[in-house]
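Protein chains in written order, with this note's numbering: chain F, 6 to 736; chain W, 73 to 177. Think of the CB as a built atom: it goes at the ideal place given N, C-alpha and C, for glycine as much as any other residue. Keep in mind that this is a model prediction, so the values were computed, not measured. Okay, structure first, notes after.
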């Protein structure tokens, strides 16, 4: 799945954050339950558990101890403090094992603010939250970055949802376990670094100590002093060199055979006291060896008498001479030692020479080795730093990465699942609604088909006793002229519902059932009939109206209420023009015959008594040959419909002196009538009596319709009407 | 009373556990991680049980470990009681049948 956190895909994030924040978790859980139930129904409960037990989960656990140790080795204390804080928060968040471990209200605010900062870096999420709250993007980002929102507020609660979401916590745990890994190399490197550091320190200390004898930062080393002397006082330096040379040479003069012979030989005389002692010993020895002839070295050697006589010193002369020389050398040594700072300067010079000759090179070699170790140490420390910083970086990024993972996998998968479930639910709802709609409409049509005419009958003790003339009259003369076809159809369905209480019981019960099936009384609160009727499409009403209103007009016609003979006011005509199509009246005409036939049936079957009365009346009026009379009558029933600009007429040939006054309907439409052309000059505007018997009487004197449109209809209709009349009024 | 559980008994016991398990998932009381662990626990508990008593003990242990199951425990115990009753009735039937056979023979 693609990363949706980019700005360009913010719109999708908007949808999904909405999905995740408007309480759809329950639906998600329901989807899980459905899945479990499906497995259970297919495989059984044991295999359900077996499958769940083998669910692939990430078993790897984060090692926060190792992370903590690594973080402690960070160099930058400020960053270290930040990473330590993050590690602590991560540890707390992933330690929650189940959703609900923390109630939303007690979730540490630090956790919320921590994730909030991460979310602030995701443009898509910021956009989504901005959309959620209707707030500007920049404001949301700033608020998230600064954590400037109350812990229990709506923004915090969105973030808490994520933190409470097991998928998120699991993803975080997985990512910490897999990505925030402290390599074993870190421990090895730490040891190597410690060891190298110790070695360097030790060796450097040794070198520094040794070198400091010769030269040091204070300039007090032997080399330093001699160098200073050499530069500042070259004469002194030369004298020192001479003196030291003398001194060194004299040191070798005390190992002569003469001194050795008397046991006074020395390797050297390094201090004055020793020299004094040495001189005293020599004087004493001279005295001894000379047999008193010489008191000490100051006594000149006694001469040997000539020609060679006996030497007064005997064989000791040569030894005494060596002793005298030794004493003299000792004195010279003492003189050198007496020179100011000779002892120190001579030692310095010695070390100076030594340093120049060998020591410096030796110490430099050692220093090079230490420097080599330092290079090694830097390498080790770099590796160590890389590892530690790597851990720190992972700590720094793991929450952000997890959120992306969570968003791209868990959340979107969840959203997909929700979307699918929603789509399925929607489809089911739609199908159900469609089914209900279809059923409702079928039922309504069925009601109209089967019960409309029955609703216009009168009942007594559950039996039909005649037509509800008042209703038919009201329909023809009032409702038709004021109610739209749709409203009329609603009225008719309401009428069927009202009239059911008067109908035979079996119809009452059936109608109750059908209305209930349409939805009346169902739901909470229970739907009223009007609410159910509101759910039926307008087009359906129109369709039924086209079918049924002519029927009702047919019933009315059968009862002598002639819609086609009404005198209409211009406003009523205008209303009819707008409410009905031309076709409607053609159908209305066609329906006349059909429902007259139906009415006849009813009469024949004894349903009605009103018709019988009419029959008697007609017979009385028309005399014996009433069939022919009624045929003529029916011709006059022809209705001419003409709906055109400025004119509207349903005209039937009707001209009776009594009713009189029928205007030529095609004349510029000044007055519109339902009616016919008068045979003789009649008074305009007189209302036509609306009963069948009177119509029959009037029919004797009618002429044909004036409207040619009407004539076309007449031919078709008249026959039907005529036939019907024969049935209605059998001889 | 401590009749060994048959495969059929265990099947019913799994059903009782599954009712509670699915119900808790529906209520959001056990997450994905717990689902696995609890499923393993139930499998181990039922497979390792020989009697009703063992099952009840396993269910109680489960509830101790996962407090979410406390509320479900009553349902589980109720379901298990029904199974126990069935066991008793079945044994009684066996006894009666056996007695009849014994008497007739």
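field: Distance between residue 349 (chain F) and residue 264 (chain F) (C-alpha atoms, nearest Å)
entry: 29 angstroms
Assigned exposure category for residue 82 (chain F) - 16 Cβ within 10 Å defines buried: Label assigned to residue 82 (chain F): exposed.
message: Using a 10 Å radius around the Cβ and a threshold of 16 neighbouring Cβ atoms, would you call residue 702 (chain F) buried or exposed?
response: In this prediction, residue 702 (chain F) has a pLDDT of 29, which is less than 50 and means its spatial position is unreliable; nothing more can be read from the coordinates.
- prompt: Which bits of chain F does residue 135 (chain W) rub up against, with CB to CB less than 7 angstroms?
  reply: Result: empty, since nearest Cβ-Cβ is about 15 angstroms, beyond 7 angstroms.
- prompt: Start and end of the alpha helix (DSSP H) containing residue 464 (chain F)?
  reply: Unbroken run through residue 464 (chain F) is the beta strand (DSSP E), 462 to 465; no alpha helix (DSSP H).
task: Report the three-state DSSP secondary structure of residue 519 (chain F) (helix, strand or coil).
output: helix
- request: Taking the CB atoms as reference points, tell me whether residue 557 (chain F) and residue 456 (chain F) lie closer together than 9 angstroms.
  value: Result no, Cβ atoms of residue 557 (chain F) and residue 456 (chain F) do not sit closer than 9 angstroms.
- prompt: Using the C-alpha atoms, what's the distance from residue 370 (chain F) back to residue 395 (chain F)?
  reply: 37 angstroms
query: Tell me, which residues are paired with residue 468 (chain F) by DSSP?
result: F:465
query: According to the neighbour-count rule (16 or more other Cβ atoms, all chains shown, within 10 Å of its Cβ), is residue 85 (chain W) buried or exposed?
result: buried
query: Who are the near neighbours of residue 164 (chain F) in its chain, counting only those whose CB is closer than 6 angstroms to its CB and skipping five residues on each side?
result: Excluding positions up to five away in sequence, the list reads 117, 120, 121.
message: At the level of alpha carbons, what is the spacing between residue 162 (chain F) and residue 156 (chain F)?
response: 8 angstroms
task: Could you name the residues of the same chain whose beta carbon sits closer than 7 angstroms to that of residue 322 (chain F), not counting the 5 residues immediately before and after it, in chain order?
output: 306, 316
task: Run the CB neighbour count on residue 480 (chain F), radius 10 Å, all protein chains shown included, and call it buried at 16 or more, exposed below.
output: buried
- request: Could you check what DSSP says for residue 265 (chain F) in three-state terms: helix, strand or coil?
  value: helix
message: What would DSSP say about residue 178 (chain F), mapped onto helix, strand or coil?
response: helix
message: Along the region 33 to 49 of chain F, where does the CB come closer than 8 angstroms to a CB of chain W? Name the residues.
response: 34, 35, 37, 38, 41, 42, 45, 49
query: If contact means a Cβ-Cβ distance below 8 angstroms, which residues of the region 79 to 107 of chain W contact chain F?
result: Answer in chain order: 82, 83, 86, 87, 89, 90, 93, 94, 97, 98, 99, 100, 101, 102, 103, 104, 105, 106, 107.
field: Test: residue 168 (chain F) CB closer than 9 angstroms to a CB of chain W
entry: no
task: Quick one: using the 10 Å Cβ neighbour count with 16 as the cut-off for buried, is residue 146 (chain F) buried or exposed?
output: buried
- request: Give the DSSP-derived three-state secondary structure of residue 437 (chain F) in the structure shown.
  value: In the structure shown, the three-state DSSP call for residue 437 (chain F) is helix.
message: List, from N- to C-terminal side, the alpha helix (DSSP H) runs of 4 residues or more that fit wholly inside the region 36 to 85 of chain F.
response: 50 to 58, 69 to 77
- prompt: Relative to the alpha-carbon of residue 199 (chain F), which residue among F:383, F:35, F:449 has its alpha-carbon at the smallest distance?
  reply: F:383
message: Rounded to whole angstroms, what is the Cα-Cα separation between residue 211 (chain F) and residue 257 (chain F)?
response: CA-to-CA, the gap between residue 211 (chain F) and residue 257 (chain F) works out to about 34 angstroms.
- prompt: Any contact of the region 79 to 93 of chain W with the region 38 to 53 of chain F, i.e. 3+ C-beta pairs under 8 angstroms?
  reply: yes
task: Would you mind telling me which residues of chain F sit closer than 7 angstroms to residue 114 (chain W), beta carbon to beta carbon, in chain order?
output: Per Cβ cutoff of 7 angstroms: 54.
task: Starting from residue 159 (chain F), follow the alpha helix (DSSP H) in both directions and report where the run begins and ends.
output: 159 to 169
Option in F:511, F:168, F:355, F:70 with minimal Cα separation from residue 230 (chain F): F:355
- request: Round the Cβ separation of residue 34 (chain F) and residue 150 (chain W) to the nearest angstrom and send it over; I've been treating them as touching at under 8 angstroms.
  value: Incorrect: roughly 24 angstroms between the Cβ atoms, too far for contact.
query: Which residues of chain F have a Cβ atom closer than 9 angstroms to the Cβ of residue 111 (chain W), listed in chain order?
result: 53, 54, 55, 56, 57, 58, 59, 60
message: Can you tell me whether residue 210 (chain F) is helix, strand or coil according to DSSP?
response: helix
Same chain only: Cβ atoms within 7 angstroms of residue 82 (chain W), ignoring 5 sequence neighbours per side: 118
message: Using a Cβ-Cβ distance cut-off of 9 angstroms, determine whether residue 457 (chain F) contacts chain W.
response: no
query: Would a check of beta-carbon distances place residue 176 (chain W) closer than 9 angstroms to chain F?
result: The predicted model places residue 176 (chain W) with a pLDDT of 48, which falls under 50 and marks its position as unreliable; any figure quoted below should be read in that light. False, the Cβ-Cβ gap to chain F never drops below 9 angstroms.
query: Is residue 578 (chain F) helix, strand or coil by DSSP?
result: helix
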